[in-house]
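Peer 1:
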Amino acid sequence: MLLGTALVLLLLGGGTASAHAALRAIDPEDGTVLKSAPRSITLTFTESVGLLDDSFRVLTPKGERLKTGEAAHGAGGSDTASVTLPAKLAQGTYTVAWRVVSADSHPVSGAFTFSVGKPSPATVVVDTGPTENPATESLFNMGRYLAYLAAALLIGTAVFLAACRPPEPARLGRLLWAGWGTLLGSTLFLLVLRAPYEAGTGPASAFSLNAFERTLSTRPGEALLVRVALLLVAYLFVVRLLRLGESRLSRPWQAAGAVLAVGLALTWAAAEHASAGIQVPVAMTSAVLHVLSMAVWLGGLASLLSLLHRASSQLPPAVVARFSRLAFGCVTVLVVTGVYQSWRGLGSWKEITGTTYGHLLVLKLIAVALLLTAARLSRRWTGRLTATATGAEAKPAVEEKTAVVETAPERVGAAAERVRAAAERVRAVAERVGAAAVSSTSAGTAGASAVAEPEGEAPAAQDPDDAVPTPAEPVSATPGQDARDGRRTRGRDPRADAAYRHGLRRSVLAEVTVGVVVLVLSTVLSGTLPGRAQAEAAEAGPATGGLPTASVTTVPFAVAGASGKVQITLDPGRTGENSVQAIVYAADGGLATVPELRLSFTLPAKQIGPIDAGLKNKGGYWGTNDLTLPLAGDWQMKATVRVSDIDQISVTKTVRIVG
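Written as structure tokens, this is what we have:
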């Protein structure tokens, strides 16, 4: 199940990630001509970056690798990258390819040129390589998705067991161990793949000892290593939790579990965007609370759904009610932290409609609204189920009290009659004993032993009341007694109870499904350039390598009865690294899906090209972040649209690339 979900997440969120660190300034500026050679090259980013062994590659006008110093942070701090150059540089144009790691753990790369004395007749074209190797990127993203899901299962299931105290806790043991094992395995997997992911190399390079040692010295590597250590300690907590059964955890163990959960959440916050930018302490706290709330809610939903479907006995409504209160608290925290993180990422309202980050955020908000709707249904079913259970317990007690009140006069009257009858029998016996004593004294003869009866009178028959009274028989059962005997079988409607449980199962399943969608969008957002960073880079202007106004070109096509147009956006539309977004529209203006779209660029004036853009299907559009155009001029952009297995068409348009 976990692997299948991860594959779905990978397909939905695949493709090259847009890292959070945007280039704000370059010194020397891209395309400038300097009178004398610079002593160093410095790049300034919108947030802190990590450096690699090969962060800078400088090529001479002849295309040879220039020997430089080691990459280091500049005087501006951790959001800069700098490298020293030789004292003397030959005249001509130099090409610089750079690569760093953003604070949110994503690699960033690009290229630019500068000239000493005067530009060279022809500029060396440098292949900066892909920002991320496709195979390594796919495997790494799969590990990230699995880690998020596993954390939700581990933390959420543990909190559900400790706080909600369900019966048959062993039923959740498999879910708990699955979360722990998957999180440990995915963390080790990410730790091994970290070096090739940063370097943009294939998975085989992960087995380099030097690369692994370097990974352990970086902040993302240290965070992953700390996560492994915390999971080893969490093993003892999981064993303790499952051994307790339905008993409550002691306060020391509860505190230990809380510390472990916060520590695990910190390993994400410390290696991602919350650790850089504005208000870092507040952002880190918000990120930890956001991850924990997500895990408790989503993991608790998975636990509840598992018990509703697999438990051998009915789940007590009290357990569902406890989780309902817990989930409400999680939703409150998620809303508050989500609003703060959205503001921190966007910066202003206009970035909602003007950036990809804003568009994704809107989709996430819609998904969250659906999730809250499903949660509201779950709370409604929980309320009905709890009310039914409360009524079933209260109704027999009310019936019993009513029966006792109704039959009290009858029982009191019957007891009074028995007391009067017993008193009459005692009086009659006393009278006979007295009469016998008087008769025996007046007889006067020693042999007389009997009292003469009057002539003509028969002996009196023995009165039935002469017998010694026996104890009163117990009071017979009353209607109230019958009510007590039937307490366990009356008052609860099985059909209504089953209907409420069925409705609860469906609403919880809907919550889990929409929750996975929210998790997908959250993961994609974590790899998308925030609107605030994009705005800061754009304010720097074209001269500093920022993000000027993009170049938008529309290419019409018609082939084999299919027609439409392709809208191609080059951002920033100038020399150096460009991102490409291509959207295919049908003839009626709606979005169209094509099996393949290729894009290449040629500069006839300099006999450069064709350069393949390497577009990838991003699900709804085609794009890449790895197109490098080294020179300014009028480039021939050739778009090839394939509409079937055998039908395709190529259309060429001229685009202007500025320096």
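Everything in the sequence shown is counted per numbering that gives the first Met the number 0, starting at 0 for the first residue and increasing by one. Cβ coordinates follow ideal geometry from the N, Cα and C atoms, glycine included.
Are Thr601 and Gln635 closer than 9 Å when you measure CB to CB?
Peer 2: Taking 9 Å as the Cβ cut-off, Thr601 and Gln635 qualify as a contacting pair.
Peer 1: Quick one: what's got a C-beta closer than 8 Å to Gln699's C-beta in the same chain, skipping five residues either side?
Peer 2: This structure cannot settle anything about residue 699, because the visible part of the chain is limited to 0 through 658.
Peer 1: Assuming Thr92 is part of the beta strand (DSSP E), what are its boundary residues?
Peer 2: Note, Thr92: beta strand (DSSP E), 91 to 101.
Peer 1: With a threshold of 6 Å on Cβ separation, who are the neighbours of Trp296 within its own chain once the five nearest residues in sequence on each side are excluded?
Peer 2: Hits under 6 Å: Ala326, Cys329.
Peer 1: If you follow the alpha helix (DSSP H) that Pro219 is part of, which residue opens it and which one closes it?
Peer 2: Element bounds for Pro219: 218 to 242.
Peer 1: Would you kindly work out how many angstroms separate the C-alpha atoms of Ala660 and Gly30, rounded to a whole number?
Peer 2: Lying outside 0 to 658, the shown extent of the chain, residue 660 is not represented and no answer is given.
Peer 1: Please state whether DSSP places Ile610 in a helix, a strand or coil.
Peer 2: Strand.
Peer 1: Taking Tyr93 and Leu58 to be in contact with their CB atoms under 8 Å, please state how far apart those CB atoms are, rounded to whole angstroms.
Peer 2: Indeed, because the Cβ distance is near 7 Å, the residues count as touching under 8 Å.
Peer 1: Taking 9 Å as the cut-off, decide whether the C-beta atoms of Leu590 and Val579 are in contact.
Peer 2: Taking 9 Å as the Cβ cut-off, Leu590 and Val579 do not qualify as a contacting pair.
Peer 1: So, using beta-carbon positions, are Val640 and Val654 closer together than 9 Å?
Peer 2: No, Cβ-Cβ distance for Val640 and Val654 is not below 9 Å.
Peer 1: Going by the CB atoms, is the gap between Leu153 and Leu182 shorter than 9 Å?
Peer 2: Contact flag set, yes.
Peer 1: Is the stretch 64 to 79 close to the stretch 34 to 47, with three or more CB pairs under 8 Å?
Peer 2: These segments touch.
Peer 1: With DSSP as the reference, please indicate the residues paired to Phe44 in a beta bridge.
Peer 2: Note: Phe44 sits in a beta bridge opposite Leu22.
Peer 1: Identify every residue that forms a DSSP beta bridge with Asp633.
Peer 2: BP columns for Asp633 point to Arg655.
Peer 1: For the stretch 565 to 593, which segments carrying the beta strand (DSSP E) assignment without a break, of at least 3 residues, lie completely within its bounds, in sequence order?
Peer 2: DSSP runs (the beta strand (DSSP E)) wholly in the stretch 565 to 593: 575 to 585.
Peer 1: Select from Ala71, Leu84, Leu50 the residue whose C-alpha is nearest the C-alpha of Leu65.
Peer 2: Of the candidates Ala71, Leu84, Leu50, the one whose C-alpha sits nearest the C-alpha of Leu65 is Leu84.
Peer 1: Given Val32, which residues of its chain have a CB within under 7 Å of its CB, disregarding the five upstream and five downstream residues?
Peer 2: Within the same chain, Val32 has close Cβ partners Ser114, Lys117, Pro118.
Peer 1: Counting beta carbon pairs with one atom in the stretch 330 to 347 and one in the stretch 355 to 366, are three or more of them shorter than 8 Å?
Peer 2: With the cut-off at 8 Å, the stretch 355 to 366 and the stretch 330 to 347 touch.
Peer 1: Which one of Met141, Asn132, Tyr584 has the shortest CA to CA distance from Phe659?
Peer 2: Beyond the ends of the chain as shown, which are 0 and 658, falls residue 659; an answer cannot be given.
Peer 1: For Ser249 and Ala255, what's the separation of their Cα atoms in angstroms?
Peer 2: One C-alpha to the other measures close to 10 Å.
Peer 1: Among all the DSSP beta bridges, which residues are the ones paired with Leu684?
Peer 2: Here the chain covers residues 0 to 658 and nothing more, so residue 684 does not appear.
Peer 1: Between the beta-carbon of Phe206 and the beta-carbon of Phe322, is there less than 9 Å?
Peer 2: Going by C-beta atoms, Phe206 is not nearer than 9 Å to Phe322.
Peer 1: According to DSSP, is Val515 helix, strand or coil?
Peer 2: Correct three-state label for Val515: helix.
Peer 1: Does DSSP classify Trp340 as helix, strand or coil?
Peer 2: The sequence shown places Gln at residue 340, not Trp. Residue state, collapsed to three classes: helix.
Peer 1: I'd like the span of the alpha helix (DSSP H) that includes Asn209, first residue to last.
Peer 2: Residues 208 to 215.
Peer 1: By Cβ distance, which residues of its chain are closer than 7 Å to Pro219, with the 5 residues on each side in sequence left out?
Peer 2: Ser104, Arg193, Ala270.
Peer 1: What is the DSSP secondary structure of Arg164, counted as helix, strand or coil?
Peer 2: Arg164 falls in the coil class under three-state DSSP.
Peer 1: Given a cut-off of 9 Å on the beta-carbon distance, is the pair Leu175 and Thr156 in contact?
Peer 2: Yes, the pair counts as a contact, with Cβ atoms nearer than the cut-off.
Peer 1: With distances taken from CA atoms, which of Val565, Leu22, Tyr584 is nearest Val100?
Peer 2: Closest by alpha carbon: Leu22.
Peer 1: Would a C-beta distance cut-off of 9 Å place Leu679 and Leu224 closer than the cut-off?
Peer 2: Absent from the structure is residue 679, since the part of the chain shown begins at 0 and ends at 658.
Peer 1: Could you give the distance in angstroms between the alpha-carbon of Ile656 and the alpha-carbon of Asn624?
Peer 2: So the two alpha carbons sit approximately 16 Å from each other.
Peer 1: With a 10 Å radius around its C-beta and 16 neighbouring C-beta atoms as the bar for buried, classify Gly514 as buried or exposed.
Peer 2: Buried: at least 16 other Cβ atoms inside 10 Å.
Peer 1: Could you check how far apart the C-beta atoms of Ala294 and Ala151 are, in whole angstroms? I think they sit under 8 Å.
Peer 2: Between Ala151 and Ala294 the Cβ distance is about 4 Å, and since that is below 8 Å, they are a contact.
Peer 1: Could you name the residues that DSSP lists as bridge partners for Pro555?
Peer 2: Answer is Lys564.
Peer 1: Tell me the residue span of the beta strand (DSSP E) that contains Leu598.
Peer 2: Where Leu598 is concerned, the enclosing beta strand (DSSP E) stretches over 595 to 602.
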